[in-house]
Amino acid sequence: MTDRPHRDTIALEDARVLSQDAYPGDQRILRLAAPACARDARPGQFVHLRCDPRLALRRPLSIMRADPDAGSIELLYKVVGEGTRLLATRRPGETLSLLGPIGQPFAPHAERPRALLIGGGVGLPPMVFLADALRRAPPWRPFAILGSEVPFPFDLQPARHPIAGLPAEASAAMPLLDDWGVPNRLASRQGYPGCFSGYVTDLAEHWLAALDEAARAEVEVFACGPHPMLAAVADLARRWGLPCQVSLEEYMACGVGGCAGCVVEVRTPDGPAMKRVCVDGPVFAAEQVFFAA
Amino acid sequence: MMTSPATDPRLAIDFCGLAFASPLVLLSGCVGFGEEYTRVRGFSNRDVGAVCLKGTTLAPRLGNQPHRVFETPCGMLNAIGLQNPGVDHVVERILPGLDFAETRFIANVSGSTVEEYHEVTRRFDDSPIDAIEVNISCPNVKEGGVAFGNDIAMSAQVVTACRQATRKPLIIKLSPNQTDIAGNARACLEAGADAFSVINTLMGMAIDSERRRPVIGNNQGGLSGPAIKPIALLKVHQVYQVCRPHGVPIIGQGGVENGRDALEFLIAGASAVGIGTALFYDPLLCREINATIADYLTRHGLERVADLTGTLCLN
Ligand SMILES: Cc1cc2nc3c(=O)[nH]c(=O)nc-3n(C[C@H](O)[C@H](O)[C@H](O)COP(=O)(O)OP(=O)(O)OC[C@H]3O[C@@H](n4cnc5c(N)ncnc54)[C@H](O)[C@@H]3O)c2cc1C
Ligand SMILES: Cc1cc2nc3c(=O)[nH]c(=O)nc-3n(C[C@H](O)[C@H](O)[C@H](O)COP(=O)(O)O)c2cc1C
Ligand code: FES
Numbered sequence: 001m002t003d004r005p006h007r008d009t010i011a012l013e014d015a016r017v018l019s020q021d022a023y024p025g026d027q028r029i030l031r032l033a034a035p036a037c038a039r040d041a042r043p044g045q046f047v048h049l050r051c052d053p054r055l056a057l058r059r060p061l062s063i064m065r066a067d068p069d070a071g072s073i074e075l076l077y078k079v080v081g082e083g084t085r086l087l088a089t090r091r092p093g094e095t096l097s098l099l100g101p102i103g104q105p106f107a108p109h110a111e112r113p114r115a116l117l118i119g120g121g122v123g124l125p126p127m128v129f130l131a132d133a134l135r136r137a138p139p140w141r142p143f144a145i146l147g148s149e150v151p152f153p154f155d156l157q158p159a160r161h162p163i164a165g166l167p168a169e170a171s172a173a174m175p176l177l178d179d180w181g182v183p184n185r186l187a188s189r190q191g192y193p194g195c196f197s198g199y200v201t202d203l204a205e206h207w208l209a210a211l212d213e214a215a216r217a218e219v220e221v222f223a224c225g226p227h228p229m230l231a232a233v234a235d236l237a238r239r240w241g242l243p244c245q246v247s248l249e250e251y252m253a254c255g256v257g258g259c260a261g262c263v264v265e266v267r268t269p270d271g272p273a274m275k276r277v278c279v280d281g282p283v284f285a286a287e288q289v290f291f292a293a
Numbered sequence: 001m002m003t004s005p006a007t008d009p010r011l012a013i014d015f016c017g018l019a020f021a022s023p024l025v026l027l028s029g030c031v032g033f034g035e036e037y038t039r040v041r042g043f044s045n046r047d048v049g050a051v052c053l054k055g056t057t058l059a060p061r062l063g064n065q066p067h068r069v070f071e072t073p074c075g076m077l078n079a080i081g082l083q084n085p086g087v088d089h090v091v092e093r094i095l096p097g098l099d100f101a102e103t104r105f106i107a108n109v110s111g112s113t114v115e116e117y118h119e120v121t122r123r124f125d126d127s128p129i130d131a132i133e134v135n136i137s138c139p140n141v142k143e144g145g146v147a148f149g150n151d152i153a154m155s156a157q158v159v160t161a162c163r164q165a166t167r168k169p170l171i172i173k174l175s176p177n178q179t180d181i182a183g184n185a186r187a188c189l190e191a192g193a194d195a196f197s198v199i200n201t202l203m204g205m206a207i208d209s210e211r212r213r214p215v216i217g218n219n220q221g222g223l224s225g226p227a228i229k230p231i232a233l234l235k236v237h238q239v240y241q242v243c244r245p246h247g248v249p250i251i252g253q254g255g256v257e258n259g260r261d262a263l264e265f266l267i268a269g270a271s272a273v274g275i276g277t278a279l280f281y282d283p284l285l286c287r288e289i290n291a292t293i294a295d296y297l298t299r300h301g302l303e304r305v306a307d308l309t310g311t312l313c314l315n
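Residue numbers (this note's numbering), protein chains in the order written: chain A, 1 to 293; chain B, 1 to 315.
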């Protein structure tokens, strides 16, 4: 009998909208009752949502938080087109067909407990989820750098956890992570008060430069965000000799590995290959997808 | 509890001598190499009569650059570019992992030359695969890239070459991108086709007006989903006129998304009904479709689903 460990790993459920809150920059935080997904979800995984019965395809969105006890999950998304526009009209009590959790999660290595989490824009959700998982799991000590060019979907507060080597202007933090005891700082080029003025990678550079060599050998980088940001993070990790995992996006149809519609070209020891972002990813080793110039 | 085909013998059909537990067939390119959808809890290959595997070529192919899929009104475009690991890998590494007790598995053969079609078919002939579907919509590299399936003579050549390579049931998948699909079917039948799949996708384009570029990496792609259903129904009806005297069955397909759609294809002349794009938003819809068909048989006093095939009364 052949081993088929992939079977029955993704649930299909009618998720009930618990709440949907609007934030500046057309962002929404959507909370759904989806007990099967909430139970199994791991940081880096996503759900494939039927935003509206009128649309032929589902939409992939990363899981930001999962509460197995309450049976709920939380998503953060930006309204960018028809699917997300229709999703934003969904009210509490309505149901949405949800497939999830899907994909390979982040795989942090215990010998590198200094996890550097870098999230840009709507790449924030998997970083929040990963921070939550790592703070509960010794020996990890995550530090998060979050960037946005639209107002952050939370109120900024003065950072409570001191971090060496950062410019003084990087003084604000995301309250949720701060409350969890996860040090974090914010970056933007929009001049928001308390935020570092520049790219997330520039701020990360400051942090890495301030670590001694032994500490740096304990760093592993995790990132999710727009493609140019991920390329810059991959480059940063390469220059500092750090392992790095990135979460990618590509247009999807099935979301479960059936159509090969969502591929990204990767480098493997056997040469180039096309890997599916939905089930082979969305998390990939940065050096597999961002090649040195 | 939904009716499952295993418990409703009225849904079983004989397809070219193969026992299908249900007239439903999962379509090539939508379910990978047969195991991908089993990731979804509640999904079972047992709910369908057969599963068509992804298009397979002689050598491995990387396929097209992204984007490969894009939603369009009532459907989608795809241009995967036949990404597959090559026929030897499929036969030696993938087929042994499939559970042939669950359903029938049908290979889907593609090629750039008549010789490639022949060779891929020959290798599948020497495998446990239940039947071979030939996708003749591929570009003929020796004729400037025009699709074999859009030309009657070239279609017949491919069928002849594949027929020489196998005694397994040979299903020819007809392209809608041609003027005389019935004439093509006739030529394929004479060349040795045992059955037809009707229809493959229609070629289309989506344009990003801001960038003034096609959205699809390959510029053009195949249109599938509910948008093509009326076209598919007419083509099935037309091909059925050719098939009926010979008792040659058709797998009707194109935009089926519920039980009523499936019934329409059966009435138009299909013996089996393919499900592709609709799985992408409802992975579990086959059970529901089986139940709808079973209910229809009861309401119309029919003993078996085969009694419904080609029962269309024209006005
Ligand atoms: C694994 C994964 C996780 C994601 N997580 C988030 C998240 O947490 N928050 C968030 O705001 N967005 C996320 N995205 C992007 C999100 O899926 C798209 O913004 C969304 O699909 C756009 O749909 P639309 O109909 O509103 O936009 P349109 O531009 O009208 O979409 C047209 C088509 O293109 C597809 N598409 C367009 N942009 C993207 C994209 N960036 N990625 C994938 N498909 C796209 C759509 O799915 C749709 O089929 C994620 C994407 C992936 C692949
Ligand atoms: C993503 C995708 C990939 C496909 N790949 C193949 C293929 O490799 N070979 C083939 O014969 N047909 C292929 N098809 C066509 C389908 O098998 C089917 O004929 C068509 O999509 C119409 O049915 P539908 O509207 O139910 O999807 C593909 C379709 C889709 C959507
Ligand atoms: S979306 Fe179909 S394989 Fe990934």
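Idealized CB from N, CA, C, for every residue including glycine.
Taking DSSP as the reference, what is the three-state secondary structure of residue i?
i, result
"B:A268", "helix"
"A:H48", "strand"
"B:M1", "Reliability of the predicted coordinates at B:M1 is poor, the pLDDT of 42 falling under 50, and the value obtained from them is presented with this limitation in mind. Three-state DSSP puts B:M1 in coil, outside helix and strand."
"B:I80", "coil"
"B:F148", "helix"
"B:N135", "strand"
"B:N177", "coil"
"A:R91", "coil"
"A:S188", "strand"
"A:F291", "coil"
"B:I293", "helix"
"B:S155", "helix"
"A:M1", "A caution first: A:M1 carries a pLDDT of 49, below 50, which makes its placement in the model unreliable, though a value can still be read off. Coil at A:M1, not helix or strand."
"A:M127", "helix"
"B:F280", "helix"
"A:C37", "helix"
"B:T57", "coil"
Would you mind reading off the limits of the alpha helix (DSSP H) that contains residue i?
i, result
"A:M274", "Run containing A:M274: none in the alpha helix (DSSP H); it sits in the beta strand (DSSP E), G271 to R276."
"A:I163", "Here A:I163 belongs to no alpha helix (DSSP H), and DSSP marks it neither H nor E."
"A:Y251", "Segment: none, A:Y251 is in no alpha helix (DSSP H) and carries neither H nor E."
"A:M229", "H227 to W240"
"B:L142", "In the sequence as presented, Leu is not what sits at residue 142 of chain B; that position holds Lys. That residue, B:K142, is in no alpha helix (DSSP H); it is neither H nor E in DSSP."
"B:F100", "Counting along the chain, B:F100 falls outside any alpha helix (DSSP H), and DSSP gives it neither H nor E."
"B:V114", "V114 to D125"
"A:T201", "V200 to A210"
"A:L176", "P175 to D179"
For residue i, which option in the options has the closest C-alpha, if you only look at C-alpha atoms?
i, options, result
"B:S271", "B:T7, B:A12 and B:C188", "B:A12"
"A:E169", "A:C195, A:A15 and A:S72", "A:C195"
"A:G225", "A:L76, A:F291, A:P139 and A:G123", "A:G123"
"A:P138", "A:Q104, A:R112, A:R54 and A:P60", "A:R112"
"A:D155", "A:A173, A:L86, A:G165 and A:L166", "A:A173"
"A:S72", "A:G81, A:L87, A:D52 and A:P35", "A:P35"
"B:V51", "B:S22, B:Q220 and B:D125", "B:S22"
"A:A273", "B:G63, B:N78 and B:D282", "B:G63"
"B:G192", "B:F43, B:I132 and B:I231", "B:I132"
For the beta strand (DSSP E) that residue i lies in, which residues bound it at each end?
i, result
"B:T311", "Neither: B:T311 is in no beta strand (DSSP E) and is coded neither H nor E."
"B:A372", "Because chain B is modelled from 1 through 315, residue 372 of chain B falls outside the range shown and cannot be assessed."
"A:K78", "S72 to K78"
"B:I228", "Segment: none, B:I228 is in no beta strand (DSSP E) and carries neither H nor E."
"A:Y339", "Beyond the ends of chain A as shown, which are 1 and 293, falls residue 339 of chain A; an answer cannot be given."
"A:P60", "R59 to S62"
"B:V69", "V69 to T72"
Mind reading off the beta-carbon distance from residue i to residue j? Whole number of angstroms is fine, and I expect it under 8 angstroms.
i, j, result
"B:I289", "B:L98", "Incorrect: roughly 23 angstroms between the Cβ atoms, too far for contact."
"B:K229", "B:D261", "6 angstroms"
"B:A59", "B:H118", "In fact, because the Cβ distance is near 15 angstroms, the residues do not count as touching under 8 angstroms."
"B:F280", "A:A253", "5 angstroms"
"A:A11", "B:R41", "5 angstroms"
"B:R68", "A:G261", "5 angstroms"
"B:A278", "B:V256", "6 angstroms"
"B:V217", "B:P66", "Contrary to the premise, residue 217 of chain B reads as Gly rather than Val in this sequence. Confirmed, about 5 angstroms."
"B:G247", "B:N78", "About 33 angstroms separates the two Cβ atoms, so there is no contact after all."
"B:L18", "B:F33", "About 19 angstroms separates the two Cβ atoms, so there is no contact after all."
Check whether chain E comes within 8 angstroms of residue i, counting only Cβ atoms and requiring the distance to be less than that.
i, result
"B:E133", "Reference to chain E is not applicable here, since the protein chains of this structure are A and B."
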